[in-house]
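**Q** If you scroll down you'll find the structure; I have some questions about it.
Numbering (my numbering), first residue to last: 203 to 457.
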């Protein structure tokens, strides 16, 4: 059984997944970020692989990717850093197909599994290619694969994605990039629709989750939420990753 499946068996509500770009704010920050997140309540840790053309990402994450690339982060270095850290929280790698294909898809999955990665999010991997070429490789190395759905995704496609997904389904709160400021409480009908479909996979909401109130709004109808841009914004102003992580997560969890 995968560590993500184990997590959702133990905890069904208020799951917190926190995203940070690898190599941000400094090249060697990745390990500090992972340790700080798991020591302070994050259930899942999502590490972004910086890329120069991140289609799904808004300005904040794009900027963090630019900084990380300037710092010298790449997939090889990320794997070397991940090999140095032991995690209780499952690790998810999020990125895009181009750099993964350049690295070598099978080699990428093999190394990811070897260094303790639990799952992949590759938003530009189409369903057809997943089913017919890449999915079997991902499964062979015991990695979960997480698909994204949006408010515009048809019920037929959501059910198809549900049948293919392992881990959880990533529900994008609106048809926008990460870091937008739209009030996610306006998306309650969308979250209700997902809840009523009684999907076999847990659902986590991402995009637009920035504080305790938006986290609670997302969790009302789903299993949890994903925070990315707000955490990166906090780290960009911080002198110390661990101190800022304690402060940031404290605001999410405090009553």
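All C-beta atoms in this analysis are idealised placements derived from N, C-alpha and C, irrespective of residue type, glycine included.
Counting pairs of beta carbons, one from the region 417-432 and one from the region 208-220, are three or more of them closer than 8 Å?
**A** With a cut-off of 8 Å, the region 208-220 and the region 417-432 count as touching, because enough Cβ pairs lie within range.
**Q** Taking all protein chains shown into account, decide if residue 372 is buried (16 or more other Cβ within 10 angstroms of its Cβ) or exposed.
**A** That one is buried.
**Q** Could you give the distance in angstroms between the alpha-carbon of residue 450 and the alpha-carbon of residue 424?
**A** Using only the alpha carbons, I get a separation of about 22 Å.
**Q** Give the DSSP-derived three-state secondary structure of residue 411 in the structure shown.
**A** In the structure shown, residue 411 sits in coil (DSSP, three-state: anything other than H, G, I, E or B).
**Q** Which runs of the beta strand (DSSP E) at least 3 residues long sit entirely within the region 275-357? Give them in chain order.
**A** With a minimum length of 3 residues, the continuous beta strand (DSSP E) runs that stay inside the region 275-357 are 293-296, 321-323.
**Q** Taking 6 Å as the limit between beta carbons, can you name the residues of its chain near residue 412, skipping five residues before and five after?
**A** 432.
**Q** On a CA-only basis, which of 283, 352, 366 is nearest residue 334? Give me that one, please.
**A** It is 366.
**Q** Taking 8 Å as the limit between beta carbons, can you name the residues of its chain near residue 344, skipping five residues before and five after?
**A** 204, 315.
**Q** At a cut of 8 Å, does the region 393-409 reach the region 352-366 through at least three beta carbon pairs?
**A** With a cut-off of 8 Å, the region 352-366 and the region 393-409 count as touching, because enough Cβ pairs lie within range.
**Q** For residue 395 and residue 214, what's the separation of their Cα atoms in angstroms?
**A** One C-alpha to the other measures close to 18 Å.
**Q** Might you give, ordered along the chain, the residues of its own chain that have their beta carbon closer than 8 Å to the beta carbon of residue 290, omitting 5 neighbours on each side?
**A** Same-chain partners within the cutoff: 240.
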